[in-house]
Amino acid sequence: MSIDHDRLFKELIQTFFEEFIVLFFPTMHEHIDFRHVSFLSEELFTDVVAGEKYRVDLLVETKLKGEDSLIIVHIENQSYVQPSFPERMFIYFSRLFEKYRKHIVPIAVFSYDTIRDERSTFTIQFPFGNVLDFHFFTVELRKQNWRNYIRQDNPIAAALISKMGYTESERVELKKQFLRMLVRMELDEAKQRLLFGFFETYVKLSDEEERRLRSEVNEMETKEKERVLELIISYEQKALEKGREEGMKRLVQTMARKGMSVKDIANVTDLSEEEVERLLE
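Here the sequence shown is numbered in numbering that gives the first Met the number 0, starting from 0 and rising by one per residue.
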């Protein structure tokens, strides 16, 4: 099953927008007034020449401290290599400025697994001079050393170490440090679930790696060990429950396709008729 990278990143950064800015752009963070933040609806742009449609990932309307005028922060996740990406960022910038007539802060997050030297400019020049020199801010995740982020109580850091520069031999240590960050931050269940789901999407340990993880967690200081194990067990139970529900849903749908009524399915499965109807939605 393919991963909807853009949706995952959008949900993560939309939930933790200020944390994202302070982590990667601390100077920018000093100037933004986070009391005024609203997320704008998605914009769909058509590239007539290429015959493709592009959807802008995330648009945030906010203000600078001490100023009344609004600005727009545009954050674009790029999960694959695209040589023409700087040009696309400029096209987005131009069309967004044309529509909103506000100052725009363009940010690109490069989240693919290869290490490259990405351009952060788009220029148009002639032998007799430049006519355009467009710049955008960048975050190149794979170039980041994940160990530099594990001491920070920042949920964005916890999630995004899963896309930073680690080796295969570091996967168990990576997840252990992620779990330690989660228990240390004491987030509410919804935010914790979002971070856990994001991390697990990109770092799925094998059974052997999970056994090594359990062994290393058992060597932690008692209080921290208990909290980390409690977290692991909680999400293992949720995964089992989700698997059981998905299995029951497939069974109920199969029975319905064979012509069985809701009442008959309820009798066979020991579910209520309301539960059967929910699984058939």
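From the three backbone atoms N, C-alpha and C, an ideal C-beta is built for every residue, glycine too.
Treat the numbers as computed from the prediction; the structure is a model and nothing was measured.
| query | Okay, do the region 104-118 and the region 128-136 touch, 3+ Cβ pairs below 8 Å being the bar? | reply | yes
| Once you ignore the five residues that flank R226 on each side, which residues in its own chain have a CB closer than 8 Å to its CB? | Position 227 of the sequence shown, counted from the first residue, corresponds to residue 226. Counting only Cβ-Cβ distances below 8 Å, and skipping sequence neighbours, we find V182.
| field | DSSP-derived helix/strand/coil call for E117 | value | Working through the sequence shown from its first residue, we reach residue 117 at position 118. If DSSP states are grouped into helix, strand and coil, E117 belongs with coil.
| Nearest to P85 by CA position, among T61, I155, T120, V72, is which residue? | Position 86 of the sequence shown holds residue 85. Measuring from the Cα of P85, the nearest candidate turns out to be T120.
| query | Where do the ends of the alpha helix (DSSP H) carrying R183 lie? | reply | Walking along the sequence shown from the start, residue 183 turns up at place 184. Segment 170-184, the alpha helix (DSSP H) holding R183.
| Just curious, the alpha helix (DSSP H) that Q77 is in, first and last residue? | Here residue 77 corresponds to residue number 78 of the sequence shown, with the count starting at 1. Run containing Q77: none in the alpha helix (DSSP H); it sits in the beta strand (DSSP E), 69-77.
| message | Which residue wins for smallest C-alpha separation from E223, given the options I2, M180, L95? | response | Numbered from its first residue, the sequence shown carries residue 223 at position 224. Checking every option, the nearest Cα to that of E223 belongs to M180.
| query | Where does the unbroken alpha helix (DSSP H) through F19 begin, and where does it stop? | reply | As a working mapping, residue 19 is identified with position 20 in the sequence shown. Taken as a continuous stretch (DSSP letters only), the alpha helix (DSSP H) holding F19 covers 16-23.
| Enclosing alpha helix (DSSP H) for T200 [first to last residue] | Looking up residue 200 in the sequence shown gives position 201. 188-201 is the span of the alpha helix (DSSP H), which, as asked, contains T200.
| task | Evaluate E280 with the Cβ neighbour count: other Cβ atoms within 10 Å of its Cβ, from every protein chain shown; 16 or more gives buried, anything less gives exposed. | result | Counting from one through the sequence shown, the residue named residue 280 turns up at place 281. E280 should be labelled exposed.
| said: Can you look up P105 in the DSSP assignment and give me helix, strand or coil? | reply: Residue numbering aside, residue 105 sits at position 106 when the sequence shown is read from its first letter. Strand.
| said: In the DSSP output, which residue or residues are listed as bridge partners for T122? | reply: The residue given as residue 122 occupies position 123 in the sequence shown. Per DSSP, D132.
| Taking C-beta to C-beta, are Y111 and V55 nearer than 8 Å? | In the sequence shown, the residue the question calls residue 111 occupies position 112. In the sequence shown, the residue the question calls residue 55 occupies position 56. No, they are not a contact pair.
| request: Assign E272 to one of two classes, buried (16 or more other C-beta atoms within 10 Å of its C-beta) or exposed (fewer than that). | output: For the purposes of this step, residue 272 is identified with residue 273 of the sequence shown, where counting begins at 1. Exposed: under 16 other Cβ atoms inside 10 Å.
| field | Coarse secondary structure for R226, derived from DSSP in three states | value | Numbered from its first residue, the sequence shown carries residue 226 at position 227. Helix, per DSSP.
| message | Short of 6 Å in beta carbon distance, which residues of its chain neighbour F44, apart from the five on each side in sequence? Order them along the chain. | response | Locating residue 44 in the sequence shown gives position 45, where the first residue counts as 1. Closer than 6 Å at Cβ, skipping near neighbours: Y53, R94.
| task | Say whether the region 26-33 touches the region 60-68, bearing in mind that this needs 3 or more beta-carbon pairs closer than 8 Å, one atom from each stretch. | result | yes
| So, helix, strand or coil for R54, using DSSP? | Translated into positions along the sequence shown, residue 54 becomes position 55. DSSP places R54 in strand when its eight states are reduced to three.
| request: Assign I114 to one of two classes, buried (16 or more other C-beta atoms within 10 Å of its C-beta) or exposed (fewer than that). | output: Translated into positions along the sequence shown, residue 114 becomes position 115. Flag for I114 reads exposed.
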